[in-house]
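Visitor: Mapping of the sequence shown onto our numbering: residues 25 to 119, in sequence order. No residue lacks a Cβ here, since even glycine has one placed at the ideal position from N, Cα and C.
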Amino acid sequence: MGGMRFTVQGTSFFYQVLVSNVGSDGEVVGVKVKGSKTGWMPMGRNWGQNWHCNLNLAGQPLSFEVSTSSGRTVTSYNVAPPNWRFGQTFQGKQF
25 MGGMRFTVQG
35 TSFFYQVLVS
45 NVGSDGEVVG
55 VKVKGSKTGW
65 MPMGRNWGQN
75 WHCNLNLAGQ
85 PLSFEVSTSS
95 GRTVTSYNVA
105 PPNWRFGQTF
115 QGKQF
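1) Give the DSSP-derived three-state secondary structure of Met28 in the structure shown.
2) Whose C-beta lies closer than 7 Å to the C-beta of Pro106 among residues of the same chain, with five residues either side of it excluded?
3) Looking at the secondary structure, which residues open and close the beta strand (DSSP E) in which Arg69 lies?
4) Given this structure, state the Cα-to-Cα distance separating Phe37 from Gly47, to the nearest angstrom.
5) When you compare each of Asn70, Asn45, Thr99, Glu51 to Val57 by their alpha carbons, which one comes out closest?
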């Protein structure tokens, strides 16, 4: 089971995350990301459960806030360390 998973893809100024293992708490309807140098930034849905934003988050630990259609929101703080790389998957909290 475990927590939600966040797979990080992109380039230096296009950041995309695949949110998986959400469980049975409804559909993901919103995702926000926060680096150590930013506030909470809403992400747009690209397709499926791929969410994106145009930020440079390199060198920052990453936190995620995920909201579902059931009205619940879960925040996973510092899921990815400052030295994260594209292609890696990180585990956060679960609903």
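Guide: So, to answer that:
1) In the three-state DSSP reduction, Met28 falls in the coil class, being neither helix nor strand.
2) Result list for Pro106: Gly83, Gln84, Pro85, in chain order.
3) Arg69: member of the beta strand (DSSP E) spanning 65-71, first to last residue.
4) Each residue's Cα considered, the two are about 30 Å apart.
5) Selected option, being the one with the closest Cα: Thr99.
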